[in-house]
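This report refers to the structure that appears directly beneath it.
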Amino acid sequence: GDPFLSVRDLGVRFSTEDGVVRAVDGLSFELRRGQTLGIVGESGSGKSVTMLTVLGLHEPRTTEVTGQIRLDGQELVGAGERTLQRLRGNTMAMIFQDPLTSLSPYHTVGRQIAEPYIKHTGASRRQARARAIEMLDKVGIPRAGTRVDDYPHQFSGGMRQRAVIAMALVCNPDLLIADEPTTALDVTVQAQILDLLADLQQEFGSAIVLITHDLGVVADVADDLLVMYAGRAVERGPAAEVLRSPQHPYTWGLLESVPRLTGDVDQPLAPIPGAPPSLLDPPPGCPFHPRCAHRQRVPGDACATERPELPVGRGAACHLSLEQRRTHVIEHRQPGL
Ligand code: SF4
Ligand code: MG
Numbered sequence: 016g017d018p019f020l021s022v023r024d025l026g027v028r029f030s031t032e033d034g035v036v037r038a039v040d041g042l043s044f045e046l047r048r049g050q051t052l053g054i055v056g057e058s059g060s061g062k063s064v065t066m067l068t069v070l071g072l073h074e075p076r077t078t079e080v081t082g083q084i085r086l087d088g089q090e091l092v093g094a095g096e097r098t099l100q101r102l103r104g105n106t107m108a109m110i111f112q113d114p115l116t117s118l119s120p121y122h123t124v125g126r127q128i129a130e131p132y133i134k135h136t137g138a139s140r141r142q143a144r145a146r147a148i149e150m151l152d153k154v155g156i157p158r159a160g161t162r163v164d165d166y167p168h169q170f171s172g173g174m175r176q177r178a179v180i181a182m183a184l185v186c187n188p189d190l191l192i193a194d195e196p197t198t199a200l201d202v203t204v205q206a207q208i209l210d211l212l213a214d215l216q217q218e219f220g221s222a223i224v225l226i227t228h229d230l231g232v233v234a235d236v237a238d239d240l241l242v243m244y245a246g247r248a249v250e251r252g253p254a255a256e257v258l259r260s261p262q263h264p265y266t267w268g269l270l271e272s273v274p275r276l277t278g279d280v281d282q283p284l285a286p287i288p289g290a291p292p293s294l295l296d297p298p299p300g301c302p303f304h305p306r307c308a309h310r311q312r313v314p315g316d317a318c319a320t321e322r323p324e325l326p327v328g329r330g331a332a333c334h335l336s337l338e339q340r341r342t343h344v345i346e347h348r349q350p351g352l
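In the UniProt record's numbering, the protein residues as written are 16 to 352.
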C-alpha cells in the first residue's frame, strides 16, 4: 500500500538576524505503518527540525516550508493550525529527549496522561484515569494504580521517560516521533526504553521515527535508516544494509565514532574531524567536502563544485564510484555494532 508518511523535496528555511538558515534542503523519505525509520546525524543536521515541521511545531512567522508532507494521504504543508492540533496527540505524537520539557511539575503524572485522552476522545475523568493507570502499567511502572497520583519529581529519570511514552501513546497514535528519547538515560535504562518502544509498536502498529546522533541506538530497532548532514539526506537504505555496507564517507565516520559493544573496548573512538558547516552559507558541491578525507579520490575536485544527488532507494549522495566505496568497506571492516 501507500506509505503512511511521505516527505517529498522538503525545504525548511528560517529567517534570523544573521540571514536565512537553510535547515533542511531537498529531503525526501517514506515510512510505512508498523515500521521504524532511524534518522541519524550530528546536532544541527536538520533531523529534529524535519520532524518538528512534520508536527507543525515550527515558528510560522519566521519559517518557510516548501515541498510536501503527506500523512495518510493528507497534505500537512500549509495545513491550518486546527488540523495540525487535531492530528498532534491523536494521529501523531512526539517524545522529546528531556522528559521534564514534556511533564509539568505542577500536575500529577496520571492527570497529564489523562488530559490528551479526554481532549481527543471525549472520555470522562474516571475513564481517563483508568486509562492512565493502564498506560503506566503498559510502560512498565510497577504498582501503576498507586503511582498514578504521584508528581513527576517523585519518579526517577527512567520512570519519567516511561511516563512521557505513556502520554504519547495514550491515544494510539499512528505515528510516533521520538527525538533522542534515551540520550539522558544510563545505558541499561536506554536499552529498556528501546525494547519498550519496540513492544508497544508490536501492540499498536505505530510507525516510529527515531531521531538520534548515535548509530548504536538505532542499530537494533530501525527497519530503515536515513543519514542526514547539513540539512540533506546523504545516505539511506535498510538499516542492516547501511550498517553492513555503508556507502557515504560521513556514515563511515559516524560508524567509527560509535563505541564498540563487542571486541576491543579500549580501542579509542575516532570522532569525525572538523565541525558541520554553517547553514547560513552552506558550502557548494558536497556539503561534507570540507571534512571529507576521500575528496582527493574524486577527479577534477568535483566534490567542491558539483552537488552529489541521493539516488532513489538504497544509496548515498557521493561522487565516489561504487567500486571505491566497496573497497573502503572491505578494507575497514568493523567487528559490528
Ligand atoms: Fe567526500 Fe566527495 Fe563523497 Fe562528498 S562527494 S562525501 S566530499 S568523496
Ligand atoms: Mg535535535
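C-beta atoms are modelled at their ideal positions from N, C-alpha and C, and glycine is treated no differently.
Start-to-end residues for the beta strand (DSSP E) that takes in residue i
| i | result |
| --- | --- |
| threonine 51 | 51-55 |
| valine 327 | It is not in any beta strand (DSSP E) - valine 327 carries neither H nor E in the DSSP assignment. |
| glycine 104 | From DSSP, glycine 104 is part of no beta strand (DSSP E); its letter is neither H nor E. |
| glycine 172 | It is not in any beta strand (DSSP E) - glycine 172 instead sits in the alpha helix (DSSP H) that spans 172-184. |
| isoleucine 192 | 190-194 |
| alanine 248 | 247-253 |
Alpha helix (DSSP H) segment containing residue i, residue limits
| i | result |
| --- | --- |
| glycine 220 | Premise fails: glycine 220 is in no alpha helix (DSSP H) and is neither H nor E. |
| glutamate 271 | 264-271 |
| leucine 230 | 230-233 |
| isoleucine 345 | 337-346 |
| glutamine 127 | 124-136 |
| residue 3 | One cannot answer for residue 3 here, as it falls past the ends of the chain, which runs 16 to 352. |
| glutamine 142 | 140-153 |
Nearest-angstrom Cα separation, counted from residue j out to residue i
| i | j | result |
| --- | --- | --- |
| glycine 252 | valine 27 | 23 Å |
| phenylalanine 29 | glycine 172 | 33 Å |
| phenylalanine 219 | glutamine 205 | 21 Å |
| arginine 140 | glutamine 127 | 12 Å |
| alanine 308 | proline 264 | 8 Å |
| leucine 99 | isoleucine 287 | 38 Å |
| glycine 59 | glutamine 142 | 42 Å |
| alanine 145 | serine 336 | 58 Å |
| alanine 138 | aspartate 152 | 19 Å |
| glutamine 339 | glycine 61 | 28 Å |
| glutamate 130 | leucine 115 | 17 Å |
| histidine 304 | alanine 319 | 6 Å |
| leucine 118 | leucine 212 | 19 Å |
| alanine 311 | cysteine 301 | According to the sequence displayed, residue 311 carries glutamine and not alanine. When rounded, the distance between both Cα atoms is 13 Å. |
| glutamate 57 | isoleucine 223 | 20 Å |
From the options, residue whose alpha carbon lies closest to that of residue i
| i | options | result |
| --- | --- | --- |
| leucine 52 | Ala255, Pro261, Leu151, Val202 | Ala255 |
| glycine 155 | Gly34, Val249, Ile208, Cys333 | Ile208 |
| glutamate 32 | Leu72, Leu184, Leu295 | Leu295 |
| valine 69 | Leu102, Arg48, Gln50 | Leu102 |
| tryptophan 267 | Asp316, Val36, Arg306 | Arg306 |
| valine 64 | Thr227, Gln217, Leu184, Arg348 | Thr227 |
| leucine 184 | Ser260, Ala147, His168, Phe170 | Ala147 |
| valine 257 | Val273, Asp239, Asp164, Pro188 | Asp239 |
| alanine 159 | Cys186, Asp214, Gly41, Glu149 | Glu149 |
Distance cut-off 7 Å: residue i Cβ against heavy atoms of the ligand MN
| i | result |
| --- | --- |
| threonine 78 | Annotation note on the ligand MN: not contained in the displayed structure, which lists the ligand SF4 and the ligand MG as its ligands. |
Beta carbon proximity, residue i to chain C, threshold 8 Å
| i | result |
| --- | --- |
| arginine 28 | Reference to chain C is not applicable here, since this structure consists of a single protein chain. |
Just checking, does the segment 194-209 make contact with the segment 16-30 on the three C-beta pairs under 8 Å criterion?
Because the criterion of three Cβ pairs below 8 Å is not met, the segment 194-209 and the segment 16-30 do not touch.
Is it true that the segment 178-191 meets the segment 73-83, where meeting means three or more beta-carbon pairs spaced less than 8 Å apart?
no
How do the segment 317-331 and the segment 342-349 stand: do at least 3 beta-carbon pairs fall below 8 Å, yes or no?
They do not touch, by the three-pair rule.
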